[in-house]
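Novice: Heads up: the sequence lines are chains A and B, in that order. So for the first sequence, the numbering used here puts the first residue at 1; every next one is plus one. So for the second sequence, the numbering used here puts the first residue at 374; every next one is plus one. Below is the structure I would like to discuss, written out as structure tokens.
There are 2 protein chains.
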Amino acid sequence: MMRGMVRLALSPRIRRSPFYDATIAAGASDFTVYNKMLMPMSFGDLRGEYDALTQRVAMWDVAAERQVQISGPDAHACAQYLSSRDLTTMVEGQGKYVAMCDHDGVLLNDPVLLKLSGDRYWFSIADADMLLWCRAISAEQGFDVEVSEPDVSPLAVQGPLAEDLVAGLIGEEVRSLKYFWFLETTLEGIPLVVCRSGWSKQGGFELFLQDGTRGTELWDLVAAAGASYGIAPGSPNHVERVESGLLSFGGDTTQGSNPYEAGMASFVQPNIDQDFIGKAALQQVLADGPTRLLVGLEVGADIGDEWLLPVRTPVLLGETQVGTASAIVWSPRLERTIGIAQVDRSVVEAGESVMVSGQRGMHTASITSLPFT
Amino acid sequence: MMRGMVRLALSPRIRRSPFYDATIAAGASDFTVYNKMLMPMSFGDLRGEYDALTQRVAMWDVAAERQVQISGPDAHACAQYLSSRDLTTMVEGQGKYVAMCDHDGVLLNDPVLLKLSGDRYWFSIADADMLLWCRAISAEQGFDVEVSEPDVSPLAVQGPLAEDLVAGLIGEEVRSLKYFWFLETTLEGIPLVVCRSGWSKQGGFELFLQDGTRGTELWDLVAAAGASYGIAPGSPNHVERVESGLLSFGGDTTQGSNPYEAGMASFVQPNIDQDFIGKAALQQVLADGPTRLLVGLEVGADIGDEWLLPVRTPVLLGETQVGTASAIVWSPRLERTIGIAQVDRSVVEAGESVMVSGQRGMHTASITSLPFT
Chain A
1 MMRGMVRLAL
11 SPRIRRSPFY
21 DATIAAGASD
31 FTVYNKMLMP
41 MSFGDLRGEY
51 DALTQRVAMW
61 DVAAERQVQI
71 SGPDAHACAQ
81 YLSSRDLTTM
91 VEGQGKYVAM
101 CDHDGVLLND
111 PVLLKLSGDR
121 YWFSIADADM
131 LLWCRAISAE
141 QGFDVEVSEP
151 DVSPLAVQGP
161 LAEDLVAGLI
171 GEEVRSLKYF
181 WFLETTLEGI
191 PLVVCRSGWS
201 KQGGFELFLQ
211 DGTRGTELWD
221 LVAAAGASYG
231 IAPGSPNHVE
241 RVESGLLSFG
251 GDTTQGSNPY
261 EAGMASFVQP
271 NIDQDFIGKA
281 ALQQVLADGP
291 TRLLVGLEVG
301 ADIGDEWLLP
311 VRTPVLLGET
321 QVGTASAIVW
331 SPRLERTIGI
341 AQVDRSVVEA
351 GESVMVSGQR
361 GMHTASITSL
371 PFT
Chain B
374 MMRGMVRLAL
384 SPRIRRSPFY
394 DATIAAGASD
404 FTVYNKMLMP
414 MSFGDLRGEY
424 DALTQRVAMW
434 DVAAERQVQI
444 SGPDAHACAQ
454 YLSSRDLTTM
464 VEGQGKYVAM
474 CDHDGVLLND
484 PVLLKLSGDR
494 YWFSIADADM
504 LLWCRAISAE
514 QGFDVEVSEP
524 DVSPLAVQGP
534 LAEDLVAGLI
544 GEEVRSLKYF
554 WFLETTLEGI
564 PLVVCRSGWS
574 KQGGFELFLQ
584 DGTRGTELWD
594 LVAAAGASYG
604 IAPGSPNHVE
614 RVESGLLSFG
624 GDTTQGSNPY
634 EAGMASFVQP
644 NIDQDFIGKA
654 ALQQVLADGP
664 TRLLVGLEVG
674 ADIGDEWLLP
684 VRTPVLLGET
694 QVGTASAIVW
704 SPRLERTIGI
714 AQVDRSVVEA
724 GESVMVSGQR
734 GMHTASITSL
744 PFT
């Protein structure tokens, strides 16, 4: 399953996570670079990592999911201007999945936004230098805020047994957290934000470590508490996220994608009263409909575990490219081959079958909605 | 020399260069991720790559040095607002090394800026999403420009024989190009910008490929023309750049570094009439002097080829951290161990000796100016 690997030359330019030493000790074998930080992508047994995630509980170093902190008197106004969603009713302890767009309505990032207090927010970002974007906007708009990257590093605990584990470790109060809501606490003196979130549909939490010197300590506490639940180290799981239809920003999106083309329609509110970046452009997309859609592919080929696409591949109708596939996997849960692609809306609406090119040639695929069921 | 390597999990989120296939065919073994693109860092023989660069000629896939194009009626005004240097006298065909700063004077990037025409500029950028920064600024300022990433991928040809090679391949007119000046041309129909530039002090050019479908073709033409000069594939060379004191943005710089703390004092002009981002903050730094300086280290240890620091390491005076070292190498040219660090100005001015921590313990180092001589 380890095809398409090359060696990574380390560099002071590429940061190590506070959990790096712990993940190496736990057998991390393959990494990606995400927000200029090393992030483990495998511990050498992708199927075993999938099974732990979907049947028991998994722990992931997702410190590379960096926070952009907006703090100061204008924090709310600034966060609202940066987000294409109504934040009026947000309260302390609540998170929301938001689209950040440019002035043309192009999707720049799909963070979870956490409201720490009335004057402090975190955008928990996907792979892009949103710190630059937020600094430019806040300075040019004259918002009275500080935009910074705080010492915050998430550790994800995901899977059907995650809640029992985290409740035992942190306290029963985590059970009452709604999705994307969080609480601040300490564990053995380690300052944490505990949020019901994570990049899977298996349930679980992200423990936002607020002291980068204590990564190994937190990792070891979670591993020890998880032993009786069969916890295993893993990483954001490519197969599970395709099954669950979770967006990989920068992977599934292509240049110029707007949120409607990235499956984020239900998280975008262009007709609210508040002003935000890209509002007029998104109103136009809403009126016209997007030109492309993020869809599932049912691929007519039993490819086994071999096709974990490391590159994008064209989606064809006859000889015309009508889209781009960004993932094709064999699903253990569905016992068939599925994928994710961005495809022209006209082709999707006509219910056309398409072709995708793979390592062994062309395969027929039918289009379906996400998530897979 | 390949210590500190891990495997890189490939992903659609991480782009391949137009030269990727050619570099794999030529034996590229180790990559970094730079501007979300794979960039070769070794072909398996770092000393041989150094010798080719310093004695003959080397070719590097530096497509990851992406361009941010500013085009339209306000292109000049926008480029000036983004650059802390007087661009008034720049003419078509000229490039300049510029600092891009934020509103607090913090260095965000150290690109070469190319003026293609009165209404079209390229920032040829180091590793950061400057496209986001430039889009935010231009939209908020209301500049009548388009900010885009064009289909442009540099291939560097560097070394003492580079000029003869490129003159033979492209034409004798390249010999009269001044540093950072360029011309537009074609080679076998391949559209190119040929610039006297590159991240070494060995002389040479960067061939900016303007058609991403023709990467292998250009690579093969350069390799064939270079055969009689003893050309070898390589990459931005860590040892040579330390010897030459070239800045690695994001590696040598730390959070909050201003251009004066990054060795860019001679490229920053805070007292010009033009308005640009960070002007007042940089005037203040110029008046007060920077608090840190980028310096060379003469390390009192014969470490051989073993110490190609993959992480930053503290610089100590007694038990106090007074700086951060980002590179320690053994220099074949100088036949001694040298490094690059950012150190508190007071320590530099007092002429203090410092200590740097390495894999085998602590080493004494004296501080010197850059470049090494």
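Ideal placement from N, C-alpha and C gives every residue a C-beta, glycine not left out.
1) How many whole angstroms separate the CB atoms of L59(A) and V222(A), which I take to be in contact at a CB cut-off of 8 Å?
2) Tell me, which residues are paired with Y97(A) by DSSP?
3) Short of 7 Å in beta carbon distance, which residues of its chain neighbour E725(B), apart from the five on each side in sequence? Order them along the chain.
4) Between A452(B) and chain A, is the shortest Cβ-Cβ distance under 9 Å, so that the two count as touching?
5) Return yes when at least one heavy atom of the ligand COA lies under 8 Å from the C-beta of D344(A), else no.
6) Is L620(B) helix, strand or coil when you go by DSSP?
7) Among T32(A), M37(A), E92(A), whose alpha-carbon lies nearest the alpha-carbon of V684(B)?
8) Check whether the Cβ atoms of V430(B) and L538(B) lie closer than 9 Å to each other.
9) Between which two residues does the beta strand (DSSP E) carrying L316(A) extend?
10) Tell me the rounded alpha-carbon separation between G48(A) and T664(B).
11) Decide yes or no for the touch test of the region 531-546 of chain B against the region 592-607 of chain B: beta carbon pairs closer than 8 Å, at least 3 of them.
12) Do the CB positions of G372(B) and V658(B) come within less than 9 Å of each other?
13) Expressed to the nearest angstrom, what Euclidean distance is found between the alpha-carbon atoms of L655(B) and H103(A)?
14) Name the two residues that bound the continuous alpha helix (DSSP H) containing D144(A).
15) Does the CB of P683(B) have a neighbour CB from chain E at under 9 Å?
16) If we count Cβ pairs, one from each stretch, closer than 8 Å, do we get three or more for the region 381-396 of chain B versus the region 441-459 of chain B?
17) Apart from the five residues on each side of it in sequence, which residues of its chain come closer than 6 Å, Cβ to Cβ, to V33(A)?
18) What is the DSSP secondary structure of I701(B), reduced to helix, strand or coil?
19) Of all the CB atoms in chain A, is at least one closer than 9 Å to the CB of D648(B)?
20) If the criterion is Cβ atoms closer than 9 Å, does the pair E561(B) and E590(B) meet it?
21) Can you give, in chain order, each stretch of the beta strand (DSSP E) that sits fully within the region 212-284 of chain A and has at least 3 residues?
22) Under 8 Å, with one C-beta from each stretch per pair, do the region 641-654 of chain B and the region 450-461 of chain B reach the 3-pair mark?
23) Where DSSP assigns a beta bridge to H363(A), which residues make up the other side?
24) Please identify the residue among L207(A), Q255(A), R7(A), V343(A) whose C-alpha is closest to the C-alpha of L294(A).
25) Looking at the secondary structure, which residues open and close the beta strand (DSSP E) in which R709(B) lies?
26) Mind checking R493(B): buried by the 16 CB within 10 Å criterion, or exposed?
27) Pick from D302(A), M362(A), R336(A), E335(A): whose alpha carbon is nearest that of A325(A)?
28) Compare the C-beta of M503(B) with all C-beta atoms of chain A and state if any pair is closer than 9 Å.
29) State the start and end residues of the unbroken alpha helix (DSSP H) segment that holds V57(A).
30) When the cut-off is 9 Å and only beta carbons count, does H736(B) lie next to chain A?
31) Assign S630(B) to one of two classes, buried (16 or more other C-beta atoms within 10 Å of its C-beta) or exposed (fewer than that).
32) So which residues of chain B does Q141(A) contact, with C-beta pairs closer than 8 Å?
33) Cutting at 7 Å between CB atoms, please list the residues of its own chain near L707(B), excluding the five before and the five after it.
34) Do the CB positions of L756(B) and L528(B) come within less than 9 Å of each other?
35) Would you give the residue range spanned by the alpha helix (DSSP H) that L82(A) belongs to?
36) Would you say S390(B) lies against chain A (beta-carbon separation less than 9 Å)?
Specialist: Quick answer:
1) The residue you asked about is not Leu; residue 59(A) is Met in the sequence shown. Between V222(A) and M59(A) the Cβ distance is about 5 Å, and since that is below 8 Å, they are a contact.
2) V112(A)
3) L690
4) no
5) Although the ligand COA was asked about, the structure shown includes no ligands whatsoever.
6) coil
7) M37(A)
8) yes
9) 313-317
10) 51 Å
11) yes
12) No answer is possible for residue 372(B): the residues shown for chain B start at 374 and end at 746.
13) 29 Å
14) From DSSP, D144(A) is part of no alpha helix (DSSP H); its letter is neither H nor E.
15) The structure shown contains no chain E; its protein chains are A and B.
16) no
17) I14
18) strand
19) no
20) yes
21) 232-234
22) yes
23) V356(A)
24) V343(A)
25) 709-717
26) buried
27) M362(A)
28) yes
29) No alpha helix (DSSP H) contains V57(A), which DSSP labels as neither H nor E.
30) no
31) buried
32) E513
33) E616, F745
34) As displayed, chain B neither begins before 374 nor continues past 746, which places residue 756(B) out of reach and without an answer.
35) 75-82
36) no
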